Each structure stands twice: as structure tokens, then as C-alpha cells.
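If you're matching them up, the sequences are chains F and S in order. Per this note's numbering, the first sequence starts with residue 61, numbered consecutively. Per this note's numbering, the second sequence starts with residue -5, numbered consecutively. Since the structure comes first, as C-alpha cells, the remarks are kept for the end.
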Amino acid sequence: MEKSIKKYFALFALPALICFLISFVIPFIWGFVLSFCEFTTITDVTFVGFKNYVRAFTVDNYFTHAFFFTLAFAIVSVITINIIAFALALALTRSIPGTNAFRTIFFMPNLIGGIVLGWIWQVIINGVLAYFEKTIAVDAAYGFWGLVVLMNWQNVGYMMVIYIAAIQNIPTDMLEAADIDGANYWTKLRKIIIPAVMPSITICLFLTTTNGFKLYDQNLALTAGNPNHQTEMLALNIFNTFYSRIGFEGVGQAKAVIFTILVAMIALLQLYTTRRKEIEN
Amino acid sequence: MKKKNISTYILLLLMLIFAAFVLFPILVVLINSFKGRLFISSEPFSIPKGDAFVGMTNYTEGLAKTGFFSAFGYSLWITVASVAIILLLTSMLAWYITRVKGIVTQIIYYALVFSMIVPFQMVMFTMSKIANMLSLDNPVGIIILYVGFGAGMASFMFSGFIKGIPLALEEAAMIDGAGPVTTFFQVVLPMLKSTAVTIAILNTMWIWNDYLMPYLTIGTNYRTIPVAIQYLRGGYGAVDMGAMMAMLVLAMVPVIIFYLVCQKHIIKGVLAGAVKG
Chain F
61 MEKSIKKYFA LFALPALICF LISFVIPFIW GFVLSFCEFT TITDVTFVGF
111 KNYVRAFTVD NYFTHAFFFT LAFAIVSVIT INIIAFALAL ALTRSIPGTN
161 AFRTIFFMPN LIGGIVLGWI WQVIINGVLA YFEKTIAVDA AYGFWGLVVL
211 MNWQNVGYMM VIYIAAIQNI PTDMLEAADI DGANYWTKLR KIIIPAVMPS
261 ITICLFLTTT NGFKLYDQNL ALTAGNPNHQ TEMLALNIFN TFYSRIGFEG
311 VGQAKAVIFT ILVAMIALLQ LYTTRRKEIE N
Chain S
-5 MKKKNISTYI LLLLMLIFAA FVLFPILVVL INSFKGRLFI SSEPFSIPKG
45 DAFVGMTNYT EGLAKTGFFS AFGYSLWITV ASVAIILLLT SMLAWYITRV
95 KGIVTQIIYY ALVFSMIVPF QMVMFTMSKI ANMLSLDNPV GIIILYVGFG
145 AGMASFMFSG FIKGIPLALE EAAMIDGAGP VTTFFQVVLP MLKSTAVTIA
195 ILNTMWIWND YLMPYLTIGT NYRTIPVAIQ YLRGGYGAVD MGAMMAMLVL
245 AMVPVIIFYL VCQKHIIKGV LAGAVKG
């Protein structure tokens, strides 16, 4: 059977592969090569070794700042999103009226696109700050916490859905047995529920971390990096390096390579932890 | 019994507060879409009445400034066409690389998996150059870019499912004289339905909301909804917040309708995507 399928490479595999080559493989390799090149014009390109990688950090301190800003944002938003999402999941798996309606409402913001979300929250945050005669562009702290609130608003429902599915998979006889033994709610939570949903916690932690690191649209629409690049995250900094200064394409590409390595490391760490858990079980 | 009632009410109250937190921003945007642009910044949380109420002015101005209806058309066409072609081409690719064992298919598989973790910023500059060189910078060409960039996740998920299908079914079909084409389209493809729904939903959410790729490749001539909304910001001028509010409402309405109609599939799809991705 394998042999007869093999002859059909051109029909089954080739169309998708051509698209994959055009939009990923060639741009990826070309981009990697360009990160070692300097542009004098768009067609005149010379090899410069690691110069772009050095310039990424030395030409200004925005990239370094963006890294720490992104890191701080990722840490704060990962913690808040997962705690709130888990608490909501616990609440909605108990018998309170209207759980389905609540789930529907809480998940909804997840479908709204990043640009739309950013503008919605810009109105709300500027509206609140207007009482103090300020705007979000005044202080980087407003932008930071604005992004955190926005990210929570968007992602809490998604993570909640994952946690709810995990909690509902816990065998009820286990919880009933604990009830008979006289365990209170906190004991059940610590000894049964949290250990049972641990795989989902791992998934959600990584999902929120990657979402936080890759954030672009929301950052652009909410603050656009204002004031003075102070709320610029990594993805936005890379975009601005590419497109707002002529001759910096190589530096932008070098930053993109560093960014890719960073994101890939998070993904590999995720693969490693989930694989290890699978073997343990 | 009484104690249980009290804790239920407290929980219910907390849930209602959180629901208000979720719905409040959407409501504010809706209210402000009927308010004059100066009143949006001075009194964003009040009900528009008297001078502040401008009726449908924001909507008519916003529609004129953004060309929202054509943006809606481009978004719809690009999303539907890309998702349909992704489903067809990647299911075929996934079946081929799962059934034909060899070094080449192994390399293809790992390249596809690798592409899933690479952020768009890595390829955006060179991809938009290539799109320009190959004349893919139009609403038809961009579909090829979406198929290529979405191929990783879709093939990975299809291939994961195909690995679990017993070979005997396909072998039986081939012994009965069916060629690979008939076998794939009549035996394999129907079994991929639930995975296809998941992939369709994840890709619809991605492509419909995507901003950077259409902005960089086709943004100057053809604006999708996210590009049209960001375009309102303009160069250095102030944003017309009235028109912005109206366009945000119009951008959210189709998404919310889609969500309420396909809610079950969406949540199932997102769950499956999270666990497998």
C-alpha cells in the first residue's frame, strides 16, 4: 500500500509543501542569513558577521528594556490569569445557578481580536484616568497594568475552560470518599483536585507564557509603545526596528532571531516537562 | 444546609461581579458609539443624552473613513478560502507523510512541527518581500501564505489523528481496487471530520483576527477588518474616537454572533487545540 501511495507525492504532498516553502521555509532561511548582513539599500547587502546582534543591544537600550518589560508582563499576567481562571473554574463546577451562562460570558472576550481589544481597553483606561486628568501615554506604569488587565480579560475565560474540563474529569467517587472520611473543602482541594489537574496547570502556564511573550496586536493598539518606547514589548520593538528606521533591517532580523530562540526555548521546556510527566505516570 | 445556601449566594454574587467586569467594556464601547467624539474623552461612562447624543453619525463617518464593508468582505473571503484550502491540502499532506515512511517524510514532519513554534516576527520581513516578488500581495495570493504558515499546526493535528486510524480500513479499500485518491477521499477524509472542525475553528479565529500579515502584504490596497480599524489611527493626527467606537461595535458583532451560534464547537475545538498544541 505504501508503495502505491508514494507515487502520488505530487498530488498529496506537493501543493501544501509549495505553500510551506514560500511562506515559511524560504523566508526563515533567508531571514536567518539576513541577520548577518547589513543593508545599504534594499538590494545592496553585505555580510557583517555578528555586528547586527551587537547593535541590537548597543544602538539604543530599547530592546533590553523591551525584554525586561515583556518578562515582567509575562510573569505578572501568567500568575494573575491562572489564579483567577482556576478560582472561576472551581466556582463554576460547584452547583450554583447559571453556570452555563457564566461560562459563555467569561469565554467570549477570547474571540475578539487583539487590535479591537486594545482599542476597547484604551477607551476604558483613558476614561478612568480622565478623572485624574491623565492618559495612558503619560506613565509606563499605566501601560503596563493596562496590558495586564487586558490580558486577563482576554485569557481568563480560555484557561477557565481548560481547568473546568480537567476538574470535571476527576472521578466523583474519589471526592465522595473524601467527604465520607470527613475531609473539608481545603483538604480536598489540596490533596485531590490540584494534583489531579496538574497536567492542565502545566498546559495553561505555558500557553499564557507564550501568549505573553508573543503579544503584539494588543500592545500596538493599547499603547503603541508610548511613552517613548517605555511600554514597547519584544514583538513591537522588532517591528519598529524593521520599519521605522531605514538601514536597520539587519538589526531587526537579528532581534527576530534572538526572539525566536527565546520562544523556542519556552516551547522546548514545555515539551520536556510534559514528556517527563508522561513517563512518570 | 443553611450554610451551603450562604456560600452559594456569595459565589453567585462573585460570579455576577466578574460577569459585569467582562461585559462592562463591551457595553461602554456600545454606549460611546452613539456619543460625540469630544464627549467620549470627557465623560466616557455616562449615557449619551442631549448634546452628547449623535445618533448614527459615528457609524456613517466610520463606514466612510474605513471602508468597513469592503474590509468585512476581504476578511470573510480570506478567512473562508484560507481555512477551506488549509483543511484540504494539509489533510492530504498529513496522510501522505504519515503513511509513507522514509527520511524525506520525517524531515517534512519535523520542519512542520518546528514552524509551529517560530514567531511571525522571524519571517515577516522576508515573507512580505517574497510575497511582493511572486505577486502574492493580493486577496488571492495571501491565501497561499496562510496555507503555508498554518500548515504546521494543521498537519500536526491531522497526522496525530491519522496515526490512530487502523491501517486495515485503507488496505481493505485498496484490495477492493480503490486507488490512493479514492481511498483518501472516500475512506480517510470522512473519518477526519472532528479533527477538521477543531482545525477550522482554531484557524478561523487566527486568520479573522490576524493583523500583521495582511497589514504587511496587502494592507496598502486591501484592508481587512483589523487593518481597517488600526488605520483609523492614521499617521500623526488625532484618532476620531467616535468613528472608532462605531467600528469596534461593527467588528465585534459578527464575532459574537459566530460565537453564540457555534459555541459548543468553539469551546471543544479550543480545548482540543490547547491539549494537542
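Glycine residues also receive a C-beta, built at the ideal position from the N, C-alpha and C atoms. Small disclaimer: the values here were computed from a predicted structure and weren't measured.
List the whole-angstrom C-beta distance separating residue i from residue j, where the pair is believed to meet the contact cut-off of C-beta under 8 angstroms.
i                         : j                           : result
glutamate 62 of chain F   : glycine 310 of chain F      : At roughly 46 angstroms, the Cβ-Cβ gap does not stay under 8 angstroms, so glutamate 62 of chain F and glycine 310 of chain F are not in contact.
isoleucine 41 of chain S  : alanine 324 of chain F      : About 50 angstroms; that fails the 8 angstroms criterion.
alanine 222 of chain S    : alanine 88 of chain S       : Not confirmed; about 35 angstroms, so no contact.
alanine 116 of chain F    : tryptophan 179 of chain F   : About 30 angstroms; that fails the 8 angstroms criterion.
alanine 149 of chain F    : tyrosine 245 of chain F     : Not a contact, Cβ separation roughly 15 angstroms.
asparagine 212 of chain F : isoleucine 144 of chain F   : 6 angstroms
asparagine 112 of chain F : phenylalanine 96 of chain F : 7 angstroms
leucine 206 of chain S    : methionine 118 of chain S   : 6 angstroms
leucine 294 of chain F    : threonine 120 of chain S    : In fact, because the Cβ distance is near 19 angstroms, the residues do not count as touching under 8 angstroms.
leucine 139 of chain S    : serine 83 of chain F        : 4 angstroms
Locate the beta strand (DSSP E) running through residue i, then write down its first and last residues.
i                        : result
valine 221 of chain F    : Taken as a continuous stretch (DSSP letters only), valine 221 of chain F belongs to no beta strand (DSSP E), being part of the alpha helix (DSSP H) at 200 to 228.
threonine 124 of chain F : Here threonine 124 of chain F belongs to no beta strand (DSSP E); instead the alpha helix (DSSP H) covers 122 to 152.
Considering residue i, what are the terminal residues of the alpha helix (DSSP H) in which it resides?
i                           : result
valine 183 of chain F       : 174 to 190
glutamine 224 of chain S    : 219 to 225
serine 27 of chain S        : That residue, serine 27 of chain S, is in no alpha helix (DSSP H); it is neither H nor E in DSSP.
leucine 74 of chain F       : 74 to 80
serine 188 of chain S       : 187 to 203
glycine 67 of chain S       : 62 to 93
leucine 235 of chain F      : 232 to 240
tyrosine 276 of chain F     : Looking at the DSSP string, tyrosine 276 of chain F is not in any alpha helix (DSSP H), and its letter there is neither H nor E.
lysine 63 of chain F        : 62 to 66
phenylalanine 92 of chain F : 86 to 94
isoleucine 169 of chain S   : 161 to 169
glycine 98 of chain S       : The question names glycine, yet the displayed sequence has valine at residue 98 of chain S. Here the alpha helix (DSSP H) through valine 98 of chain S covers 97 to 111.
leucine 206 of chain S      : 206 to 211
isoleucine 306 of chain F   : Run containing isoleucine 306 of chain F: none; DSSP gives neither H nor E here.
arginine 163 of chain F     : 159 to 167
tyrosine 216 of chain S     : From DSSP, tyrosine 216 of chain S is part of no alpha helix (DSSP H); its letter is neither H nor E.
threonine 247 of chain F    : 245 to 248
So which residues on chain F does residue i lean against when the C-beta distance must stay under 7 angstroms?
i                        : result
isoleucine 0 of chain S  : By Cβ distance, chain F contributes nothing, its closest Cβ being about 12 angstroms from isoleucine 0 of chain S, past 7 angstroms.
tryptophan 89 of chain S : Phe72
By the three-class DSSP mapping on this structure, what secondary structure does residue i have?
i                           : result
threonine 106 of chain F    : strand
isoleucine 37 of chain S    : What sits at residue 37 of chain S in the sequence shown is glutamate, not isoleucine. Note: glutamate 37 of chain S maps to coil in three-state DSSP.
leucine 130 of chain S      : coil
alanine 14 of chain S       : helix
phenylalanine 99 of chain F : strand
phenylalanine 47 of chain S : strand
lysine 111 of chain F       : helix
lysine 262 of chain S       : helix
glycine 285 of chain F      : coil
methionine 293 of chain F   : coil
proline 42 of chain S       : coil
methionine 238 of chain S   : helix
lysine 123 of chain S       : helix
lysine -4 of chain S        : Reliability fails at lysine -4 of chain S, whose pLDDT of 48 lies under 50, so the model's placement of it is uncertain and the value that follows must be treated cautiously. Of the three classes helix, strand and coil, the one that applies to lysine -4 of chain S here is helix, per DSSP.
valine 317 of chain F       : helix
alanine 148 of chain S      : helix
glycine 267 of chain S      : helix
valine 257 of chain F       : coil
isoleucine 156 of chain S   : helix
valine 117 of chain S       : helix
glycine 135 of chain S      : helix
serine 1 of chain S         : helix
leucine 322 of chain F      : helix
threonine 195 of chain F    : coil
Check the Cβ of residue i against every Cβ in chain F and list those closer than 8 angstroms, keeping chain order.
i                         : result
methionine 246 of chain S : Ile172 and Val176
arginine 93 of chain S    : Met61, Glu62 and Ile65
asparagine 26 of chain S  : Val183
What in chain S is Cβ-close to residue i, meaning under 7 angstroms?
i                        : result
glutamine 313 of chain F : Phe119
tyrosine 218 of chain F  : Val264
alanine 200 of chain F   : Chain S residues near alanine 200 of chain F: none, gap ~20 angstroms exceeds 7 angstroms.
Give the residues of chain S in contact with residue i, contact being defined as C-beta atoms less than 8 angstroms apart.
i                         : result
serine 64 of chain F      : Met168, Gly173 and Pro174
isoleucine 156 of chain F : Thr2, Leu5, Leu6 and Met9
Residues of chain S with CB closer than 9 angstroms to the CB of residue i, please, in chain order.
i                       : result
valine 317 of chain F   : Met116
serine 304 of chain F   : By Cβ distance, chain S contributes nothing, its closest Cβ being about 12 angstroms from serine 304 of chain F, past 9 angstroms.
glutamate 98 of chain F : Those within 9 angstroms of glutamate 98 of chain F in chain S number zero; the least Cβ separation is about 14 angstroms.
Anything in chain F within Cβ reach of residue i, meaning under 9 angstroms, just list it in chain order.
i                       : result
tyrosine 103 of chain S : By Cβ distance, chain F contributes nothing, its closest Cβ being about 11 angstroms from tyrosine 103 of chain S, past 9 angstroms.
Quiz item: Would you say the segment 9 to 29 of chain S touches the segment 162 to 178 of chain F, given that touching needs at least three Cβ pairs under 8 angstroms?
Solution: Using a Cβ-Cβ distance cut-off of 8 angstroms, the segment 9 to 29 of chain S and the segment 162 to 178 of chain F are in contact, since at least three pairs of beta carbons, one from each stretch, lie closer than that value.
Quiz item: Taking one C-beta from the segment 137 to 149 of chain S and one from the segment 185 to 198 of chain S each time, how about it: are there three or more such pairs within less than 8 angstroms?
Solution: Pairwise C-beta distances place the segment 137 to 149 of chain S in contact with the segment 185 to 198 of chain S, as three or more of them are shorter than 8 angstroms.
Quiz item: Taking one C-beta from the segment 56 to 65 of chain S and one from the segment 213 to 221 of chain F each time, how about it: are there three or more such pairs within less than 8 angstroms?
Solution: With a cut-off of 8 angstroms, the segment 213 to 221 of chain F and the segment 56 to 65 of chain S do not count as touching, because too few Cβ pairs lie within range.
Quiz item: Are the segment 198 to 205 of chain F and the segment 248 to 262 of chain F in contact at 8 angstroms, needing three or more beta carbon pairs?
Solution: Flag = no, the segment 198 to 205 of chain F and the segment 248 to 262 of chain F do not touch.
Self-check item: Three or more C-beta pairs below 8 angstroms linking the segment 230 to 241 of chain F and the segment 262 to 281 of chain F
Solution: At 8 angstroms Cβ cutoff, the stretches do not touch.
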